[in-house]
Every structure is written in structure tokens, then in C-alpha cells.
Amino acid sequence: MRAVVLRETGGPDKLVPSPNTPDPVPAADEVLVRVRASAVCGRDLIDRRGGFPLMKLPTILGHEFAGEVESVGEEAARAGVAPGDRVANLHRPSCGECPRCVGGEELLCERAYQSFGHTVDGGYAELVVAHHRALVKVPASVPFEDASTLMCTAGVAYQALAARARLAAGETVVITGASGGVGTAAIQVARHLGARVVAVTGSPSKAAALADLGAHEVVVSPDGKFEDDVKARLGGPVDVALELTGSATFSSALKSLRRGGRMVVVGNIDQAKVSIKLGALILWSHTIAGSASCTRQDLEHVLGLAASGALRVVIDRKLPLRYAAEAHSLLEARAVFGRVVLIP
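Residue numbers (the UniProt record's numbering): 1 to 344.
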């Protein structure tokens, strides 16, 4: 099969097209998927640089893909997966048996070890093997290109806003890094939940498109210091901050919160450390939570929103698989609005 292989960490040039990579073979509990689209995420850049210490090398990156089932193992077949099924993936399969899973906390599964692009090969390829519990069926009306993006954009945003932040109708939320894949989806998810949305971007050229997606207010802040602007526009601080960038905007997002406000951290693009004044955290009774991935139910929900037309998938451009390095360079240059999708 054709694939893009990462044999050593480093720059985009380390992503090497490989026309003769051996086809993967599914085990009894696995499924072979013909990849029709693979989205490119900021986490892919971190992985490529070597930011995940347990990543196997060589590896095939790509933790967001969608396609058609080609073959299934015996156990996967008994679980209801069949050739021809249209599927998209979760970040990793939960075991369904540990205390966390039984307690309804599948994202905290104690036995989940498979992680696409980390411990197992991902979707930058024509074929990928996946555990059957890592796949969700895609409605026929949702194109593969759209489906490939929804888990790590809208699904992640829905988990962060609905479950972690408990964002309620009538509340206000500020979203940093709003022009990225998660940000463009988060604006729509927050609107779906009934919130008033302030989108923050560092690029003036992206402001109009953010407003078109539904942001009530768009703040352009190249220096990442936007708390005064946010408060001026809303007449006061916000209830929730969704942090999708990391250290560059963390402090300002925290300062945008009202007393008792909640921050949920999803993005960590530059991986730099942040500092927090503990006295202020105590005095203002802020809550800071991390949020990783999404549940099967989250992904099914946002797939349904996309199928009904209630959620618009934002794809900046589609590139042939062999141009994975170019896709990474575009993301690093912040020249992307939404997601870049690779087509095998």
C-alpha cells in the first residue's frame, strides 16, 4: 500500500511517502479499513517533532481518518462490524471492562494502550488496522472528508464544552485559537448549546469567517492579550474559557473569567510552560480542567449534527496523501482555516 512513513522525528521533511509499505493484517478483534480521508491535526505536528515519548518508530501518523471496512476479524464480526461499513475512528479503543469503563468513564480507561500514530499506525495510508471498539459508523449523508475531521474537532469540542465545562444556555464562552479545526467546530457547538460566543484569533484575515460560523464577537489579538477587549465587548467577564492554543493565550483566557468561572484546556500547540498565581486562583474560585478526546456518544452526536446540516465541517483544503509534509508546513505557518485533509 501507499503510506507516509515517519522514521525519525524532526521537521516536515521527515514525512516520507512510501509506495510499497506492507499491507496491515487485522487480528481477531480488529478491522481493516480502506482509508478515504485522513485529517491533519496540530497534535500530528507535536508527534512528528517527537513530543510523545512512547511513540514507536518508524510509524504512520494520523489519528483522524474515515473510510470503508474491507475485512474484519472473527471477534470484530461478532461485535457487529461488517465489510462495507462506513466508519470513522476514535483516538483509542476503551476496554469496556475496567472499573472506569464500567462506571461510564471510557476516556479514563485503565487498559487502553492503542493510540493511532503513537503505539499503532495511523491514517496517513491507504489501509489502516483498528480495534473494532475504536470505530464508529458514519451516516451515509456525511462525506468521508467531513467524517475524518469530526472526532478530533467537533467531538473534542463537545466533550470539553458540554461534559467538562458544563456550558449552559445563556452563558458566555471565549474560545482561543478559534480559526483552527477544533475552534471552528467549537464555535458551532457552543452555539448549539445556547451560549454567547467570543472567538479569538491572531489573524485579522480570519475574523469575517469566524463571524460567519456564528461567533457573536470576534477579537483579533496577535499578542494573545485580549481579556480587556473581551470584557469590554460583553460588558464583563465570561463564564467559560476554552483554551485551544496553550501558553500564548492561557493567561489572558484565565483573566477573562468571572469569579467562579471555568477553564477547559484542550490545546497545547507550543508545549511551553505556564504560570499561575495561586492566590488569584483561590480568590476567584476558578476551575481549570484538562479535556482529552471524546466518547463514542460524543462522536455519534456530532456525526448526527453534521448529517442534519446543523454543523458545518470546515475544510481549508484537500491534498493528496503524498503531500503530508506540505500539510504540516501549512499548519506550522498558521496558514490554515479549519482542517487540511489528506486523500489517499
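Beta carbons are placed, not taken as given, at the ideal position from N, Cα and C, and that holds for glycine.
None of the values given here were measured: they were computed from a predicted structure.
Checklist entry - Looking only at DSSP bridge pairs, what is residue 65 linked to? => result Numbered from 1 along the sequence shown, position 65 holds the residue referred to as residue 65. According to DSSP, which records beta bridges pairwise, residue 65 is partnered with 38.
Checklist entry - Comparing alpha-carbon positions, which option in 1, 73, 32, 40 lies nearest residue 345? => result Nothing about residue 345 can be reported from this structure: the residues present for the chain run from 1 to 344 only.
Checklist entry - Smallest Cα separation from residue 121: which of 24, 339, 229, 311? => result Position 121 of the sequence shown holds residue 121. Minimum Cα distance to residue 121 is reached at 24.
Next on the checklist: Checking the sheet assignment: what are the DSSP bridge partners for residue 175?
Outcome noted: Locating residue 175 in the sequence shown gives position 175, where the first residue counts as 1. Residue 175 is bridged to 199, 242.
Checklist entry - So what's residue 131 in DSSP terms, helix, strand or just coil? => result By one-based count along the sequence shown, residue 131 stands at place 131. Looking at residue 131 - three-state DSSP - the assignment turns out to be strand.
Checklist entry - Unbroken alpha helix (DSSP H) runs of length 4 or more, entirely within the segment 73–102: which are they? => result 74–78, 99–102
Item to check | Residue span of the alpha helix (DSSP H) that contains residue 255, given as start and end | outcome: Along the sequence shown, one-based indexing puts residue 255 at 255. Taken as a continuous stretch (DSSP letters only), the alpha helix (DSSP H) holding residue 255 covers 247–255.
Next on the checklist: Using DSSP's beta-bridge definition, name the partner residues of residue 320.
Outcome noted: Working through the sequence shown from its first residue, we reach residue 320 at position 320. Its beta-bridge partners are 343.
Item to check | Sufficient close CB pairs (3 or more, under 8 Å) joining the segment 261–279 to the segment 111–119 | outcome: no
Item to check | Same chain, Cβ closer than 7 Å to residue 197, five either side skipped, listed in chain order | outcome: Here residue 197 is taken as the residue at index 197 of the sequence shown, counted from 1. Contacts found: 173, 175, 187, 190, 191, 214, 215, 216.
Next on the checklist: Can you give me the C-alpha to C-alpha distance between residue 318 and residue 45, rounded to a whole angstrom?
Outcome noted: In the sequence shown, residue 318 corresponds to position 318, counting from 1. In the sequence shown, residue 45 corresponds to position 45, counting from 1. Going by the C-alpha atoms only, they are around 18 Å apart.
Checklist entry - Should the segment 227–239 be called in touch with the segment 160–173, which here means at least 3 C-beta pairs below 8 Å? => result yes
Item to check | N- and C-terminal bounds of the beta strand (DSSP E) containing residue 289 | outcome: For the purposes of this step, residue 289 is taken as residue 289 along the sequence shown, with counting starting at 1. Per DSSP, residue 289 belongs to the beta strand (DSSP E) from 287–290.
Checklist entry - Can we say the segment 3–22 touches the segment 328–337, given the rule of at least three CB pairs closer than 8 Å? => result yes
Next on the checklist: For a cutoff of 8 Å on Cβ pairs, would you count residue 17 as touching chain C?
Outcome noted: Here there is only one protein chain, and chain C is not present.
Next on the checklist: Taking 7 Å as the limit between beta carbons, can you name the residues of its chain near residue 55, skipping five residues before and five after?
Outcome noted: The sequence position of residue 55 within the sequence shown is 55, counting from 1. Cβ within range, chain order: 47, 118.
Item to check | Touching by the beta-carbon criterion (3+ pairs, under 8 Å), the segment 136–146 and the segment 297–304 | outcome: yes
Checklist entry - Once you ignore the five residues that flank residue 316 on each side, which residues in its own chain have a CB closer than 6 Å to its CB? => result Here residue 316 refers to the residue found at position 316 of the sequence shown. Correct list, in chain order: 336, 337, 338, 340.
Item to check | residue 106 versus residue 276: straight-line alpha-carbon distance, rounded | outcome: Within the sequence shown, residue 106 is the residue found at index 106, counting from 1. Within the sequence shown, residue 276 is the residue found at index 276, counting from 1. Distance between the alpha carbons of residue 106 and residue 276: 30 Å.
Checklist entry - When DSSP builds the beta bridges, which residues end up paired with residue 308? => result The residue labelled residue 308 in the question sits at position 308 within the sequence shown. For residue 308, which the question treats as bridged, DSSP gives no partner whatsoever.
Next on the checklist: Per DSSP, what are the beta-bridge partners of residue 9 in this structure?
Outcome noted: Position 9 of the sequence shown holds residue 9. Its beta-bridge partners do not exist; DSSP assigns none.
Checklist entry - How should residue 273 be labelled, buried or exposed, when 16 other C-beta atoms within 10 angstroms of its C-beta is the threshold for buried? => result Taking the sequence shown and counting its residues from 1, the one referred to as residue 273 is at position 273. Looking at its Cβ environment, which holds fewer than 16 other Cβ atoms inside 10 Å, residue 273 is exposed.
Item to check | the segment 251–263 touching the segment 282–292, judged by at least three CB pairs closer than 8 Å | outcome: yes
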